[in-house]
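In terms of the working numbering, the sequence shown is numbered consecutively and its last residue is 669. A virtual CB, placed ideally from N, CA and C, is assigned to each residue, including glycine. Owing to the predicted nature of the structure, the values given are computational and were not obtained by experimental measurement.
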Amino acid sequence: MELIPATEFSLEELAEAYNETRIDYIIPMPMTVERLRDYISVYDVELSCSCAAVRGDEILGIGMLGVRQGRGWITRLGVLPSGRRQGVGSHLMAFLLDAARQRGLPVVWLEVIEGNNPAHELFNGLNFRETRELIVARRPPNFRALAPGELAARPRVRNVRTLDHEATLRLLENRRDEPNWLNQNESLQKVADLSSLVIETVDGGQGWVTFKTSLLRLTRIVVDVLAGDPAAVTTAALQTLHEFFPTQDAIAENIPAKAAIWPGFQDAGYFDAFRRIEMVRPMPPLERDEQDFG
Ligand SMILES: CC(C)(COP(=O)(O)OP(=O)(O)OC[C@H]1O[C@@H](n2cnc3c(N)ncnc32)[C@H](O)[C@@H]1OP(=O)(O)O)[C@@H](O)C(=O)NCCC(=O)NCCS
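Here it is, written out as structure tokens:
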């Protein structure tokens, strides 16, 4: 088996290999070339720091490394079902960690879906430690009219402003949450056509929600509450959003399970679809003679 940098492969080959390694994955996430191209751009994946494990003509597994200021992120790791438990995953991880070290990145992050025991064990064995649980939440479109009691119980919004892409990016500069890699500003800055709603409630609550719309779905949902009860203002912001877009399904990725805004998502009709465990590993600094001066 040989480890070959991902730059040696086409996006078609990498997308196909990814799909083959995830054929039996707990959450189906099929990849197309367009999606992979987008993924690489939005999440700062560096193909020169990413690799494929190859035997003969066959790609046995792949792994990718995202690189941002002062941190790395391991993603898309997978081994063909027939190639598992033979050390391929460990070799891919060693390549990615070494690439991070060569880049001088002091920490490497990753996430593992709750219940994915093989991957969790692999990362535990490599000294990754758990930081927090992240919720991937969904909300189906709600065509049902609200009952009078529900209407009365809703926090009243007295002011709503809609912001375009540029204004949304400015809003995000002052966010106070601790976003996971997927939702960090470096990701959102590369997403086209972001929007946001900024709301005030009658009892002095203030908050905002960012989003991206498509015909069927709202994505890139990030909420911040500036004043008032975090859950109540979150609910008010999300209800306002879903009044604007009543027919779209919504997905909010990687909400910290302990965040005070999560109950507000639930009150707005979101449910916990699955959870990810975020993990981090400090990287020992390079010895002087290991440094890559090229
Ligand atoms: C997770 C995955 C990449 C591991 O690849 P692999 O090539 O089988 O891993 P290795 O053979 O190098 O195993 C390394 C360690 O991982 C752990 N591990 C791997 N498979 C395991 C299993 N089925 N049960 C428990 N631990 C397991 C063990 O600690 C193992 O060390 P050991 O063999 O000394 O006990 C592989 O199972 C896979 O591709 N799964 C589907 C995709 C996926 O989950 N990707 C990760 C997303 S976060």
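What is the residue span of the beta strand (DSSP E) that residue i lies within?
i           : result
residue 624 : 624 to 631
residue 647 : 646 to 657
residue 509 : 504 to 514
residue 430 : 420 to 430
Looking at the secondary structure, which residues open and close the alpha helix (DSSP H) in which residue i lies?
i           : result
residue 350 : A query on residue 350 cannot be resolved here, the shown segment of the chain reaching from 376 to 669 and no further.
residue 415 : 408 to 417
residue 562 : 560 to 563
residue 546 : 540 to 548
Would you check whether ligand 2 has a heavy atom nearer than 8 Å to the C-beta of residue i?
i           : result
residue 461 : This structure lacks ligand 2; the ligands present are ligand 1.
For residue i, does the three-state DSSP call read helix, strand or coil?
i           : result
residue 639 : helix
residue 621 : coil
residue 391 : helix
residue 488 : strand
residue 668 : Only weak support exists for where residue 668 lies, its pLDDT of 48 falling under 50; the value from the coordinates is given anyway. In the structure shown, residue 668 sits in coil (DSSP, three-state: anything other than H, G, I, E or B).
residue 464 : helix
residue 458 : helix
residue 661 : coil
residue 532 : strand
On the DSSP bridge assignment, give the partners of residue i in chain order.
i           : result
residue 583 : 573 and 599
residue 376 : Beta-bridge pairing links residue 376 to no other residue.
residue 446 : 443
residue 433 : 430
residue 588 : 593
residue 483 : 447 and 656
residue 674 : Only positions 376 to 669 of the chain appear in this structure, which leaves residue 674 out of reach.
residue 537 : 572
Tell me the rounded alpha-carbon separation between residue i and residue j.
i           : j           : result
residue 596 : residue 662 : 42 Å
residue 614 : residue 503 : 38 Å
residue 403 : residue 591 : 19 Å
residue 588 : residue 376 : 44 Å
residue 555 : residue 461 : 31 Å
residue 657 : residue 463 : 23 Å
residue 618 : residue 581 : 18 Å
residue 576 : residue 409 : 41 Å
residue 536 : residue 598 : 15 Å
residue 458 : residue 435 : 6 Å
residue 475 : residue 621 : 44 Å
residue 414 : residue 420 : 8 Å
residue 394 : residue 513 : 23 Å
residue 609 : residue 442 : 31 Å
residue 641 : residue 439 : 33 Å
residue 669 : residue 631 : The predicted position of residue 669 is uncertain, since its pLDDT is 42 and thus under 50; a value taken from the coordinates is nonetheless stated next. Whole-angstrom Cα-Cα distance: 40 Å.
residue 586 : residue 499 : 34 Å
residue 355 : residue 628 : With the chain covering only 376 through 669, there is no way to say anything about residue 355.
residue 539 : residue 616 : 14 Å
residue 412 : residue 386 : 7 Å
residue 606 : residue 626 : 18 Å
residue 510 : residue 473 : 30 Å
Any beta carbon from chain B within less than 9 Å of residue i's own beta carbon?
i           : result
residue 458 : Checking the listed chains, one finds no chain B in this structure; it contains a single protein chain.
Should the stretch 446 to 461 be regarded as contacting the stretch 478 to 490, the criterion being three or more beta carbon pairs within less than 8 Å? yes
With contact counted as at least three CB pairs below 8 Å, one residue from each stretch, are the stretch 560 to 577 and the stretch 641 to 660 in contact? no
Could you say if the stretch 420 to 429 and the stretch 376 to 390 meet the contact criterion of at least three C-beta pairs nearer than 8 Å? yes
Would you call the stretch 532 to 549 and the stretch 635 to 650 touching, i.e. three or more CB-CB distances under 8 Å? no
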